[in-house]
Amino acid sequence: MRLLECSPDGSFTRTEDLPANEDLEYAILSHTWGPEEVTFKDLVDGTDGDKAGYDKLRFCANRAIHDGLRYFWVDTCCIDKSNQVELNEAIISMFRWYRKAARCYVYLSDVSIAGCGRREPSEPWERAFRDSRWFTRGWTLQELLAPASVEFFARGGQRLGDKKSLEQPIHEITRIATAALRGTDLSQFDVDERFEWAKSRETTREEDWAYCLLGIFSVSMPALYGEGKQNAIRRLKREI
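This is the structure:
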């Protein structure tokens, strides 16, 4: 696992790959991908500094500093996706990385607030929150359930609440049992119920629909892109 290290001025640098037993506190970002995400290659080469994705990285860095954290992790640029071995390791480790994070920041690019700090229940952001694309994606399921601390932020960086204060709308949107949202071990829930949580979610690569559930079921298997969604699901069910 490699992290991004914050400086007091809000800038950040990439760390080298850290050993698995390295015990560092870090924040982690949950988001939906856009067309101009910052990649691992961008950070290595120091290129494309004007990409829109840098706004998310700066948001995460500043929030981590605010919370007294020196390190943070973002999937778009902390994984070298050109390295198949590293990508496989990341897919298998993802649930654990989110679970170990001191804070998970959910950045909702399709939710905005008219006036910083306005959080009345009747505000339009709540409707946008319920309609957010974030709740429709496959990988964000484990990003919601694995961390103990999950905080939600609007596009402008305003804090909307956390998994506890927004529990009721999250439950209504996802139909996930409140006990699961509160951290009950996922093994306490039926296999069929856990599959139901993911039923309406989508992934860009069809096989990821199965791979994104590895941590939900506490199983491990290699990613074989090209095998197709149904073959990936069959392998997942055999592991369960």
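Each residue of the sequence shown is one higher than the one before, starting from 1 at the first, in UniProt numbering.
Just so you know, even glycine gets a beta-carbon here, dropped at the ideal spot from N, CA and C.
Just so you know, these numbers come straight off a predicted model, no measurement behind them.
Residue i (DSSP reduced to helix, strand or coil)
| i | result |
| --- | --- |
| V219 | coil |
| W125 | helix |
| R175 | coil |
| I28 | strand |
| R118 | With a pLDDT of only 48 at R118, under the threshold of 50, the placement of this residue in the model should not be trusted, and no figure is reported. |
| R14 | strand |
| Y71 | strand |
| Y225 | coil |
| residue 264 | This structure cannot speak to residue 264, because the chain is shown only from 1 to 240. |
| V150 | strand |
| E206 | coil |
| E239 | helix |
| E5 | strand |
| W97 | helix |
Closest Cα partner of residue i within the set the options
| i | options | result |
| --- | --- | --- |
| L43 | T13, F135, F189 | T13 |
| Q158 | T47, R96, R63 | R63 |
| C104 | K199, S187, F135, S149 | S149 |
| D185 | G226, Q142, G161 | Q142 |
| F152 | D45, K237, C60, Y211 | C60 |
| residue 249 | D23, G46, Y54, T47 | With the chain covering 1 to 240 only, the question about residue 249 has no answer from this structure. |
| F95 | K199, S218, E193, W125 | S218 |
| S200 | K229, T174, D17 | T174 |
| D190 | S165, Y211, I240 | I240 |
| F195 | R205, G183, C212 | C212 |
| L166 | W125, R205, Q188 | W125 |
With 16 other Cβ atoms within 10 Å as the buried cut-off, status of residue i
| i | result |
| --- | --- |
| K163 | buried |
| P8 | exposed |
| residue 253 | Summary: the structure shown does not reach residue 253, with the chain confined to residues 1 through 240, and so no result is reported for it. |
| T178 | exposed |
| R137 | buried |
| V74 | buried |
| L224 | exposed |
| R238 | exposed |
Residue i vs residue j beta-carbon contact at 8 Å
| i | j | result |
| --- | --- | --- |
| K51 | L29 | no |
| L87 | I79 | yes |
| residue 247 | S132 | Not covered by the structure: residue 247. The range shown for the chain is 1 to 240. |
| P147 | Y98 | yes |
| L181 | H171 | yes |
| T203 | W209 | yes |
| E207 | A102 | no |
| P169 | R130 | yes |
| I113 | L214 | no |
Sequence-distant residues of its chain with Cβ nearer than 6 Å to residue i (five each side left out)
| i | result |
| --- | --- |
| E89 | none |
| R235 | M221 |
| A232 | E207, A210 |
Same chain only: Cβ atoms within 7 Å of residue i, ignoring 5 sequence neighbours per side
| i | result |
| --- | --- |
| R58 | G10 |
| T39 | T76, C77 |
| W134 | T32, V106, L108, T140 |
| P222 | N88 |
| A27 | C60, R63, A64, D67, L69, F72, A101, A102, R103, Y105 |
| D192 | none |
Nonlocal neighbours in the same chain, by C-beta distance under 8 Å from residue i, ignoring five residues either side
| i | result |
| --- | --- |
| T15 | R2, L3, L4, E5, Y71 |
| E145 | Here residue 145 is Leu; the residue named in the question, Glu, does not match the sequence. Cβ neighbours of L145 beyond the five flanking positions: I176, A180, L181, L186, I216. |
| G183 | A148 |
C-beta neighbour in chain B for residue i, strict 8 Å
| i | result |
| --- | --- |
| T184 | Of the protein chains in this structure there is only one, and it is not chain B. |
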